[in-house]
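S.K.:
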Amino acid sequence: MKMKNRIDKFITVLFFIILNIVSKSETMIPIPKIDIGVGVASGPEEVVTSLQILMLLTVLTLAPAIIMMTTSFIRTIIVLHFVRQAIGVQQLPPNQILIGLALFLTFFIMQPTINQMMETGVTPYLDKKISQEEMFRNVEIPLKTFMLKQTKIKDLELFLKISKVKPPKNRREIPLSVVLPAFVVSELTRGFQVGIILFIPFIIIDMIVATVLMSLGMMMLPPAMISLPFKLLLFVMVDGWSLIIESLVLSFQT
68 MKMKNRIDKF ITVLFFIILN IVSKSETMIP IPKIDIGVGV ASGPEEVVTS
118 LQILMLLTVL TLAPAIIMMT TSFIRTIIVL HFVRQAIGVQ QLPPNQILIG
168 LALFLTFFIM QPTINQMMET GVTPYLDKKI SQEEMFRNVE IPLKTFMLKQ
218 TKIKDLELFL KISKVKPPKN RREIPLSVVL PAFVVSELTR GFQVGIILFI
268 PFIIIDMIVA TVLMSLGMMM LPPAMISLPF KLLLFVMVDG WSLIIESLVL
318 SFQT
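Following the numbering used here, the residues of the sequence shown are numbered contiguously, the last one being 321.
1. Going by Cα to Cα distance, which pick from Ala153, Leu124, Thr128 and Arg204 is closest to Phe267?
2. Where do the ends of the alpha helix (DSSP H) carrying Asn182 lie?
3. Measure the alpha-carbon distance for Ser294 versus Leu265 and round it to whole angstroms.
4. Per DSSP, what kind of secondary structure is Leu317 in: helix, strand or coil?
5. How long is the line joining the alpha carbons of Met285 and Val261, rounded to whole angstroms?
6. Report the rounded CA-to-CA distance for Thr173 versus Glu224, giving the unit in angstroms.
7. Could you tell me the alpha carbon to alpha carbon distance between Leu300 and Val276, rounded to whole angstroms?
8. In the DSSP assignment, find the alpha helix (DSSP H) that holds Glu200 and state where it starts and stops.
9. Which whole-angstrom value describes the C-beta separation of Ser244 and Gln217, a residue pair presumed to lie in contact below a C-beta threshold of 8 angstroms?
10. Any contact between the segment 187-206 and the segment 226-242? By contact I mean 3 or more CB pairs, one from each, below 8 angstroms.
11. Just curious, the alpha helix (DSSP H) that Ile241 is in, first and last residue?
12. So, are the CB atoms of Lys298 and Phe259 less than 8 angstroms apart?
13. Please report how far the alpha carbon of Thr190 lies from the alpha carbon of Gln178, in whole angstroms.
14. Suppose the cutoff is 7 angstroms on Cβ atoms and the five residues either side in sequence are ignored; what does the same chain contact list for Ser139 look like?
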């Protein structure tokens, strides 16, 4: 009994010691307080800084749409999607892999334009050599040049007509609000044109397999199931991924 009482007392004392240590450590750790509110600014500079932060957050929110609509991402993802549909594998490669590959190819294709935007706009602004307005103008020029190079003339004329903007003498004077939708339509058109070309050899394989099965009297056997291995074999033998990626990259350099 004495031994048991000693053990109980020891456990009780140890419990209070640990509780005391924890309570002290909690009082020693400062907890930050975050306040979000609207107050009176002490000067115009604080208002300008707040507006700049708001604009930056807005740009970051729209960044995915900007990356998709002003770069080579549109044509790239459409072509990769058509490759998967033409072969007949609905979920291979998965969407995450296709989007990741399209993003990496986009950054690779856009690298010269990005470097020019950094050299003429972002870097001088960070070095405080130009103003924010000049930075936006300098960044817009290489991006607009890239989009104009890939935009069809008839699409530009279409949106100039819709917006009722007088056609300028120089293409670089066309406003970005006209260049951007014309560029998107041109990229969609080129992506679908490439998709049609990609479908032709695989459709021929499907037709040959269906004809052979019908001649053998195997009408109940799905032709798509039999033709899939042959389409995969053809795609692997011609090194399909390398050909498609090479063609995509070169299509933006011509």
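Ideal placement from N, C-alpha and C gives every residue a C-beta, glycine not left out.
Here the structure is a predicted model, which means the values were calculated and not measured.
M.R.: Taking the structure as given:
1. A small correction: the amino acid at residue 267 is Ile; Phe does not occupy that position in the sequence shown. If we check each option's Cα against that of Ile267, Ala153 comes out closest.
2. Gln178 to Met184
3. 16 angstroms
4. In the structure shown, Leu317 falls within a helical segment according to DSSP collapsed to helix, strand and coil.
5. In this model, Met285 and Val261 are separated by some 34 angstroms (Cα to Cα).
6. 27 angstroms
7. Cα to Cα, Leu300 sits roughly 14 angstroms from Val276.
8. Gln199 to Gln217
9. Actually they are not in contact, since the Cβ atoms of Ser244 and Gln217 sit about 17 angstroms apart, beyond 8 angstroms.
10. no
11. Here Ile241 belongs to no alpha helix (DSSP H), and DSSP marks it neither H nor E.
12. no
13. C-alpha separation (whole angstroms): 16 angstroms.
14. Thr173, Ile176, Met177 and Phe319
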